[in-house]
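Convert by adding 8 to the 1-based position in the sequence shown; the result is the number in our numbering. To keep things clear, I will list the structure first and then write my remarks on it.
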Amino acid sequence: MDQTLIQNLLERCGCPVYVFEESVLSERISLLRNALPDGTGLCFAVKANPFIGRFIQDLADRFEICSPGEMYICEQQGLDAQKYVLSGVHKDEASMRYAFEHGLCSGILTAESVNQFELLVSLAAEYGQKIRVMPRLTNGSQFGMEAEEVIELIRRCGELKDRREGAVVFAGIHYFSGTQKTSLKKHRRELAMLDDFIDRIREETGTEVPELEYGPGFPAMYFEGEEFDESAYLEEFSTLLAGMRNRLPVTVELGRGIAASCGSFLSRVADVKCNHGENYAILDSGIHHLTYYGQFMAMKHPVCEIWPPREGAAEDEAWNLCGSLCTFNDLLVKKLPVHDLKVGDVIIFKNTGAYCMTEGISLFLSRDLPAVAWVKKNGEIRLLRHAQPVWGLNSGMQS
Ligand SMILES: Cc1ncc(COP(=O)(O)O)c(C=O)c1O
Numbered sequence: 009m010d011q012t013l014i015q016n017l018l019e020r021c022g023c024p025v026y027v028f029e030e031s032v033l034s035e036r037i038s039l040l041r042n043a044l045p046d047g048t049g050l051c052f053a054v055k056a057n058p059f060i061g062r063f064i065q066d067l068a069d070r071f072e073i074c075s076p077g078e079m080y081i082c083e084q085q086g087l088d089a090q091k092y093v094l095s096g097v098h099k100d101e102a103s104m105r106y107a108f109e110h111g112l113c114s115g116i117l118t119a120e121s122v123n124q125f126e127l128l129v130s131l132a133a134e135y136g137q138k139i140r141v142m143p144r145l146t147n148g149s150q151f152g153m154e155a156e157e158v159i160e161l162i163r164r165c166g167e168l169k170d171r172r173e174g175a176v177v178f179a180g181i182h183y184f185s186g187t188q189k190t191s192l193k194k195h196r197r198e199l200a201m202l203d204d205f206i207d208r209i210r211e212e213t214g215t216e217v218p219e220l221e222y223g224p225g226f227p228a229m230y231f232e233g234e235e236f237d238e239s240a241y242l243e244e245f246s247t248l249l250a251g252m253r254n255r256l257p258v259t260v261e262l263g264r265g266i267a268a269s270c271g272s273f274l275s276r277v278a279d280v281k282c283n284h285g286e287n288y289a290i291l292d293s294g295i296h297h298l299t300y301y302g303q304f305m306a307m308k309h310p311v312c313e314i315w316p317p318r319e320g321a322a323e324d325e326a327w328n329l330c331g332s333l334c335t336f337n338d339l340l341v342k343k344l345p346v347h348d349l350k351v352g353d354v355i356i357f358k359n360t361g362a363y364c365m366t367e368g369i370s371l372f373l374s375r376d377l378p379a380v381a382w383v384k385k386n387g388e389i390r391l392l393r394h395a396q397p398v399w400g401l402n403s404g405m406q407s
């Protein structure tokens, strides 16, 4: 981010503020598309950043939607429902009815349990709508189902695919086993397992799996000193994917791999002090606004910049960056080297475009939620959310 943009953001949006940059996001998507085998679909997991779907609706093939809230967000943003993958371990009847009644079931619906499948089958009949269902295979967690149950549901789809009122079509297999996966060995194992499973489905049901929707959990690098050769990683992953025995269409479902790099979080130093020989900077944000996957007791130094930029060397000065909450845990970074940190300086935390802004304990201490801004390719700033007071949610005075 150049100096003028930072200045403009602070003037226009105040601080703290989450910022997402269109140029970085679209370049990131192009990079992924170029790295993955030709024809691989790209699905954006909305949970990673619910603000940006509308800006990438032409760049992503699908949007994975994991809760009623995410569904309403995508609907409000005007995303094409044919691109929806309505997923989620808890699909309640009321919100699924909403989806059927509002034309939001024209994409893919995942089934994470036999009960979910039965709910979808009965709603499809009641609303007279054809649906395309992807059973989710479990990785041994609470998500998805056992292989035998998936196979049984595929058989059921075989019986229901031509049902006059509300056909239920088997659309493929959904699989996601975890995030921030740096191990290619794990991908190799998983893709081999999926290959075997696809063979087994063919042998036991005579059905060809039409598609695989696979969440590889590509990692994002958040901290200084992390060594990761992403281009070698993507190249090898693509070789593994292209080398699957079963040549079927694959859609790669990604959250942080798409969105992390486009985001920055700007937070101002509100106070400084030295207690028992330790420098403390109190920021106008904290762990309620910013969380990092893999951060441990604030020991790791997130990739960040100080604004205004520093000229002096920082080796002899270390700052503990603390938040505004009344808990000893509200430490964002320990011993960050910064020269001459002052009240009013701004810390620009980088790579915060995924999860960082939604995973915090936002209601604790009833502090405002930060503003959210979008920076268009031409540098124009669009305020997506004003800072939001949340104290009213905690006052118990709403009725
Ligand atoms: C089903 C599913 N798909 C995709 C994702 C996105 O994961 P990531 O951000 O690691 O790409 C998640 C994350 O929890 C998920 O649960």
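Even glycine gets a Cβ: it sits at the ideal position worked out from N, Cα and C. Just so you know, these numbers come straight off a predicted model, no measurement behind them.
Which residues DSSP lists as bridging residue i, in chain order
i: residue 310; result: 231
i: residue 272; result: 27 and 358
i: residue 326; result: 345
i: residue 43; result: None, per the DSSP bridge assignment.
i: residue 281; result: 288
i: residue 244; result: For residue 244, which the question treats as bridged, DSSP gives no partner whatsoever.
i: residue 398; result: DSSP, once it has assigned bridges, lists no residue as partnering residue 398.
i: residue 258; result: 220
i: residue 339; result: 330
Beta-carbon proximity of residue i to residue j, cut-off 8 Å
i: residue 25; j: residue 17; result: yes
i: residue 352; j: residue 340; result: no
i: residue 67; j: residue 34; result: yes
i: residue 153; j: residue 103; result: no
i: residue 225; j: residue 186; result: yes
i: residue 112; j: residue 141; result: no
i: residue 266; j: residue 52; result: yes
i: residue 355; j: residue 389; result: no
i: residue 344; j: residue 309; result: yes
i: residue 232; j: residue 311; result: yes
i: residue 62; j: residue 85; result: yes
i: residue 97; j: residue 151; result: yes
i: residue 7; j: residue 36; result: Outside the displayed span of the chain (9 to 407) sits residue 7, for which this structure offers no information.
i: residue 299; j: residue 367; result: yes
i: residue 159; j: residue 209; result: yes
i: residue 167; j: residue 127; result: no
i: residue 276; j: residue 23; result: yes
Minimum C-alpha distance to residue i - residue among the options
i: residue 73; options: 399, 161 and 262; result: 262
i: residue 169; options: 101, 114, 79 and 129; result: 129
i: residue 48; options: 207, 134 and 70; result: 70
i: residue 182; options: 211, 80, 167 and 162; result: 162
i: residue 369; options: 297, 119, 42 and 205; result: 297
i: residue 54; options: 40, 45 and 77; result: 77
i: residue 283; options: 11, 326 and 346; result: 326
i: residue 342; options: 286, 45 and 378; result: 286
i: residue 177; options: 202, 221, 200 and 132; result: 132
i: residue 193; options: 206, 143 and 244; result: 244
i: residue 357; options: 272, 385 and 288; result: 272
i: residue 378; options: 362, 317, 292 and 87; result: 292
i: residue 44; options: 260, 86 and 165; result: 260
i: residue 302; options: 40, 166 and 227; result: 227
i: residue 58; options: 398, 201, 380 and 384; result: 380
i: residue 179; options: 172, 216 and 211; result: 216
i: residue 318; options: 56, 166 and 348; result: 348
i: residue 250; options: 195, 212 and 304; result: 195
i: residue 350; options: 363, 387, 19 and 280; result: 280
i: residue 288; options: 338, 10 and 264; result: 338
Whole-angstrom C-beta distance between residue j and residue i, which should lie under 8 Å
i: residue 278; j: residue 290; result: 5 Å
i: residue 402; j: residue 374; result: 5 Å
i: residue 60; j: residue 28; result: 6 Å
i: residue 256; j: residue 220; result: 6 Å
i: residue 248; j: residue 199; result: 5 Å
i: residue 359; j: residue 240; result: Not a contact, Cβ separation roughly 20 Å.
i: residue 382; j: residue 392; result: 5 Å
i: residue 205; j: residue 155; result: 6 Å
i: residue 92; j: residue 115; result: 4 Å
i: residue 258; j: residue 230; result: No, residue 258 and residue 230 are not in contact; Cβ-Cβ is about 27 Å, not under 8 Å.
> In chain order, which continuous runs of the alpha helix (DSSP H) of length 4 or greater are located wholly inside the stretch 92-158?
Replying inline: 101-109 and 122-135
> In chain order, which continuous runs of the beta strand (DSSP E) of length 3 or greater are located wholly inside the stretch 366-395?
Replying inline: 379-383 and 389-393
> For the stretch 156-222, which segments carrying the beta strand (DSSP E) assignment without a break, of at least 3 residues, lie completely within its bounds, in sequence order?
Replying inline: 176-178 and 181-184
>> Suppose only complete runs of 3+ residues qualify. What are the beta strand (DSSP E) ranges in the stretch 41-90, listed by chain order?
In response: 49-53 and 70-73
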